[in-house]
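Just add 138 to wherever you are in the sequence shown, counting from 1, and you've got this note's numbering. Read through the structure below, which is laid out as structure tokens, and then see the notes.
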Amino acid sequence: MDVVGPLKLGAAGAEYFLTIVDVYTRMTWVYVLPKKSDVAETVKTDWLPMVERQQDRLPHVCGRSHKAGCSLCYRAAG
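Shown next as structure tokens:
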């Protein structure tokens, strides 16, 4: 999990992007974010529910470059 930015991307208004990579399957997700503070909410409300639906489970381990998003993974997974 990594957050890149701030970038000047123009009309879209997004300055950051969040990348999440499953090291086992190499599945990769990218979220474009207007603010860095949106990372935790994006992980909690978008990514974790999607992964749980797709894989029928929550992630077990979360390696991180961005602390807030990963602490959410740990709490949600128990």
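C-beta: ideal position from N, C-alpha, C; glycine also.
A residue is called buried once 16 or more other Cβ atoms fall within 10 Å of its Cβ, and Val189 is buried on that count. A straight-line Cα-Cα distance of about 33 angstroms links Gly151 and Arg195. Per DSSP, the continuous alpha helix (DSSP H) segment holding Val189 begins and ends at Leu186 to Gln193. A residue is called buried when at least 16 other Cβ atoms come within 10 angstroms of its Cβ; Leu145 does not meet this threshold and is exposed. Put simply, the backbone Cα of Asp140 is about 10 angstroms away from that of Val168.
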